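2 protein chains.
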Amino acid sequence: MRAMSPDELEMRLRQIGANRYHRLHPFHKLLHGGKCTKAQVQAWALNRYYYQAMIPVKDAGLIARCPDSDIRREWRRRLIDHDGERKGEGGIARWLMLTDGLQLDRDYVVSLHGLLPATRFAVDAYVHFVRDKTLLEAIASSLTELFSPEIISERLEGMLNNYDFVSSQTLAYFSQRPPQAERDARFALDYVKANALTAGAQDSVLRALEFKCDVLWAMLDALYHAYVAPGHIPPGAFAPPQGDRQ
Amino acid sequence: MRAMSPDELEMRLRQIGANRYHRLHPFHKLLHGGKCTKAQVQAWALNRYYYQAMIPVKDAGLIARCPDSDIRREWRRRLIDHDGERKGEGGIARWLMLTDGLQLDRDYVVSLHGLLPATRFAVDAYVHFVRDKTLLEAIASSLTELFSPEIISERLEGMLNNYDFVSSQTLAYFSQRPPQAERDARFALDYVKANALTAGAQDSVLRALEFKCDVLWAMLDALYHAYVAPGHIPPGAFAPPQGDRQ
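Chains as they are written, first to last, in the numbering used here: chain A, 117 to 362; chain B, 117 to 362.
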């Protein structure tokens, strides 16, 4: 196997996004197309909360195993983005404005009691991957951010237009994210292009991005199976009151 | 919270099995009731292979963090059961006789290339749980074995009677398991009853068994979503040839 040029590697990474990013998932299309019930939007927000809440843990796991001060400093911005400068600020707090706006009890959301086990397994797999794989793979697994500005703008527009229970204030999370995601993705892409120089390293980078796409895809699979296909909510997970399911 | 008696604890554990064990999952009913296509049985065997293959890794993880020679020695039997005394013996080898009998290419099965990501996340969650939680919780999470002899006898009978592509030789795994499972479950149950003496410890034991039930349930959810509900095989996972899907 010969090594690719950095630009070829970028092209292959973008191909993975084009084929495997969760923008292609049927649940995404239902959500943005206004085809979800309120209960389904609640289930999505409740489950996705765990992903949001674990992102700084994942990023601290990367910083904790990184010997390079420049990278640690750069990556630290992600902690600030998600945990904020003070209580009530940052991405996690903004996500809770969304679950509040969907009339989910905040204590219930934060307790994780209604979480689908499959959501927990997928998110924890991501946290462990970043903690245990090479630094290059850990950084590469963040590259789904390359594709997120587009999905976020679809989500913002689709959800505002299609659901009367959603307001631009509840969606504050999404209006803040794209510039952060673009900055972070640019840094990670530059790092990967500069550091994955052998065929083996480049392959590990591609596999890491596929892995991350699998995590996001599996989260939507679990939501679809539990809350769109009828009758498959697993024991113990969030069960909307009967009247809200249509 | 007051502590329960050991027998009350056992009753509560058995209740969890009665309510949450994967014997209640719709995929289990399809599988044993002869309602699965051959491709669906293949997908089940292929995905479950990863669970089987990781069981000795999980058990070694328990032994590796256990300070008690008596428990380590007892638990070592599980390694022998699954890895065998020599190549070609043991539970994993017998599982491969099942996938062979279903005409799955052995290299493909062992490569894990066709695995559902959700299977990997669920199984890895179990391995990490046993490695990272308390020894009591790690032992308690094995207690699904209390309920497995019954499911195995249903499986054996249901599959032999209902599928012409299944023979008793391909099902050798299941005929060996029940006495091992009964012995192992008895040891783990006695340990838990003797060592979970405070309300907090007993609660952690109940949560550990629920967690393990969630792992098994999520594996069948993923199979059902991908291979029974139409059109949801995630990118990259085992995709049966079109003609085999009916």
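Ideal Cβ placement from N, Cα and C applies to all residues, glycine included. From a predicted model like this one, the values you see are computed outputs, not experimental measurements.
Chain-ordered, the chain A residues with CB closer than 8 Å to the CB of ARG136 of chain B read PRO351 and GLY352. DSSP places VAL321 of chain B within a helical segment (H, G or I) once states are collapsed to three. Per the coordinates, the alpha-carbon of PRO183 of chain B lies some 18 Å from the alpha-carbon of ASP306 of chain B. Cβ neighbours of SER283 of chain B within its own chain (closer than 7 Å, five residues either side excluded): GLY217.
Of the residues A:PHE281, A:TRP333, A:LYS328 and A:ASN311, the one whose Cα lies closest to the Cα of THR153 of chain A is A:PHE281. Taking 8 Å as the cut-off, the Cβ atoms of GLN158 of chain B and PRO356 of chain B count as close. Residue contact with chain A for GLU326 of chain B: present (Cβ-Cβ distance below 8 Å to some residue of chain A). Judged by their CB atoms, LEU322 of chain A and LEU129 of chain A are nearer to each other than the 8 Å cut-off. In the three-state DSSP reduction, GLN131 of chain A falls in the helix class (H, G or I). By the criterion of a C-beta distance shorter than 8 Å, ALA297 of chain B is surrounded in its chain by GLU261, SER264, PRO265 and ILE268, once the five residues flanking it on both sides are discounted. Residue ranges of uninterrupted alpha helix (DSSP H) with 4 or more members, entirely inside the stretch 161-208 of chain B and ordered along the chain, are 185-199. Excluding five sequence positions before and after ARG210 of chain A, the CB atoms of its chain that fall closer than 6 Å to its own CB belong to ALA288 and TYR289, given in chain order.
By the rule that beta-carbons nearer than 8 Å mark a contact, TYR167 of chain B does not touch chain A. Interface residue (Cβ-Cβ distance to chain B less than 8 Å): PRO356 of chain A is not classified as such.
Distances from the CA of GLY133 of chain B to each of B:ALA334, B:VAL344 and B:GLU326 were compared; the closest alpha carbon is that of B:GLU326.
For TRP160 of chain A, no Cβ of chain B is located within less than 8 Å of the residue's own Cβ.
Pairing VAL344 of chain A with LEU252 of chain A gives a Cβ-Cβ distance that is not under 8 Å.
For ASP197 of chain A, the CB contacts under 6 Å within the same chain, skipping 5 residues up- and downstream, are GLY207 and GLN296 in chain order. Among the CB atoms of chain B, one or more fall inside 8 Å of the CB of PHE237 of chain A. Taken through DSSP and simplified to helix, strand or coil, SER284 of chain A comes out as coil. When only Cα atoms are considered, GLU124 of chain B and LEU313 of chain B end up about 11 Å apart. Listed along the chain, the chain A residues whose CB falls inside 7 Å of the CB of TYR307 of chain B amount to none; the nearest CB is some 25 Å away. Excluding the 5 residues flanking it on each side, PRO142 of chain A has same chain C-beta neighbours closer than 7 Å at TYR340, in chain order. Contact of ASP319 of chain A with chain B is not assigned, every C-beta pair being separated by 8 Å or more. The three-state reading of DSSP puts PRO346 of chain A in coil, since its state is none of H, G, I, E or B.
Exposed is the label assigned to GLY316 of chain B, since fewer than 16 other Cβ atoms lie within 10 Å of its Cβ.
The Cβ atoms of VAL243 of chain B and MET170 of chain B lie closer than 8 Å to each other. In this structure, ALA342 of chain A sits away from LEU220 of chain A, with a CB-CB distance that is not shorter than 8 Å. From the listed residues A:PRO346, A:TRP333, A:ASN135 and A:ILE349, the smallest Cα separation to TYR167 of chain A is found for A:TRP333.
Identification of residues in the stretch 329-351 of chain B having a C-beta nearer than 9 Å to some C-beta of chain A yields CYS329, ASP330, VAL331, TRP333, ALA334, ASP337, ALA338, TYR340, HIS341, ALA342, ALA345, GLY347, HIS348, PRO350 and PRO351, given in sequence order. The Cβ atoms of LEU178 of chain A and VAL246 of chain A sit closer than 8 Å to each other. Per DSSP, the unbroken alpha helix (DSSP H) holding PRO142 of chain A starts and ends at 142-148. Listed along the chain, the chain B residues whose CB falls inside 9 Å of the CB of HIS229 of chain A amount to none; the nearest CB is some 11 Å away. Counting C-beta atoms within 10 angstroms of its own C-beta, ARG188 of chain A has fewer than 16 neighbours from the protein chains shown and is therefore classed as exposed.
Within the stretch 231-269 of chain B, no run of beta strand (DSSP E) at least 3 residues long lies entirely inside it.
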